[in-house]
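Okay, so here's the structure we're looking at.
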Amino acid sequence: MTASLEQLRRCHFAVDLGAARTRVYVKGAGLVVDQPSAAAVNTRTGALIAVGEFAEKMTGRTPDYIRVVRPVSGGTVVDIEMAQRMLRHLLGDKIRRQLRYKPRLRAAACTPHDADPLAQRATIETLVGLGARRVELVDTLTAAAIGCGLPVERPEATMIMVCGAAATQVAVLSLGAIVTAERIPVGGVAVDHAIVQHLRHQHELILPSQSVRPLQLALSGNGLSPHGPSSTEIHGRDVATGLARCVQVDTAAVRDAIETPLTAVLDGIGRVLRNCPPDLVADLADRGIMMVGGSALLPGFDQMLREATGMPVHIADRPDICAAQGLGMMLEGRIQPMELAPLGA
203 MTASLEQLRR
213 CHFAVDLGAA
223 RTRVYVKGAG
233 LVVDQPSAAA
243 VNTRTGALIA
253 VGEFAEKMTG
263 RTPDYIRVVR
273 PVSGGTVVDI
283 EMAQRMLRHL
293 LGDKIRRQLR
303 YKPRLRAAAC
313 TPHDADPLAQ
323 RATIETLVGL
333 GARRVELVDT
343 LTAAAIGCGL
353 PVERPEATMI
363 MVCGAAATQV
373 AVLSLGAIVT
383 AERIPVGGVA
393 VDHAIVQHLR
403 HQHELILPSQ
413 SVRPLQLALS
423 GNGLSPHGPS
433 STEIHGRDVA
443 TGLARCVQVD
453 TAAVRDAIET
463 PLTAVLDGIG
473 RVLRNCPPDL
483 VADLADRGIM
493 MVGGSALLPG
503 FDQMLREATG
513 MPVHIADRPD
523 ICAAQGLGMM
533 LEGRIQPMEL
543 APLGA
């Protein structure tokens, strides 16, 4: 991790800025914000109309002068000012007043494993704009591993896969550090896009944006496994006529369309294992892979990984909030690092 546990214990709040959702953990209060990373803006006046859930519901349903924006993309802040405005409204006046009275307010934030200095700087400036005097950065992989209860501080291998909206990160950790890691630019958005393109090309149907996100509409039952229902009903707009239409979609064809982008994830796992020392790979044969992140809930994804890798695959109890929980555990001082002090002469 970038920051030490001692530095993190001095922080007052932590932020997990994701492409899909933003989560804020306040020391002593727990997880106080878990909302979509979206904001609706009046383009005529520049006024902020809605944030979070309400802004998400407005996507694709607004007049010309209202625009729904996402200030975070792939775990990186792309619009610092809008991210600050969104966070202020998500936190609310009460929590912001509580934080304002803290002496030398400190914050912690998750950053992707391969985040460049500019991306890290954007995250820091976003939280400094909220009043933080100092910002500590923590690798998302480490925070998620701690949040789902993996023994990252021990001298044994643990493998974590963070399935995000824009990307999937895979890493092997040992002794509290990342041994090898890989970031694959395939996430929940790529899976959604594959479903949309399949329905458009095969059925000439345009799916509403709000219907793309719940993948269960196209993957009911056992999802990616072949034991689910043979077909499912989908409502959308006809490409040619523009009228509403309902079609019966073959779920086997949808599974094939989804497996195409997920093949890149399997390749990434293979690269991580090839770069890992043999002793750690032997540990992973027993412990397997822990899946976290919102896209880990894709039905049948875990079974697909088991068949492809031959390793045990587990999904965390609350995979969507593991990174925020891990930050909170570090803030509260619930993690005890293994002391590796130099030996005396």
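Numbering follows this note's numbering, with no gaps: position 304 of the sequence shown is 506.
Every residue gets a Cβ at the ideal spot worked out from N, C-alpha and C, and that includes glycine.
Could you name the residues that DSSP lists as bridge partners for CYS312?
-> VAL340
Start and end residues, alpha helix (DSSP H) containing GLU208 = 207-211
Residue range of the unbroken beta strand (DSSP E) whose run includes ALA216 = 215-219
Should CYS350 go down as buried or exposed, given a rule of 16 or more other Cβ atoms within 10 Å for buried?
-> Burial check for CYS350: the Cβ neighbour count within 10 Å reaches 16 or more, so the residue is buried.
Where ALA518 and SER432 are concerned, what is the direct C-alpha to C-alpha distance, given to the nearest angstrom?
-> 29 Å
Collapsed DSSP secondary structure at ARG263 in the structure displayed = coil
Have a look at the DSSP bridge pairing and note the partners of GLN371.
-> VAL364 and ARG385
Just the Cα atoms here: how many angstroms apart are ARG336 and GLU509?
-> Rounded to whole angstroms, ARG336 to GLU509 spans 45 Å at the Cα level.
Nearest-angstrom Cα distance between VAL271 and ALA241?
-> 5 Å
Own chain partners of LEU219 with C-beta closer than 8 Å, once the 5 adjacent residues on each side are dropped | SER239, VAL274, GLY277, VAL279, ALA285, ALA311, CYS312, THR325 and THR328
Start and end residues, beta strand (DSSP E) containing VAL449 = Taken as a continuous stretch (DSSP letters only), the beta strand (DSSP E) holding VAL449 covers 446-452.
Going by the beta-carbon positions, is the gap between VAL374 and THR382 smaller than 8 Å?
-> yes
Among VAL226, PRO305 and PRO480, nearest to VAL217 - alpha-carbon criterion = VAL226
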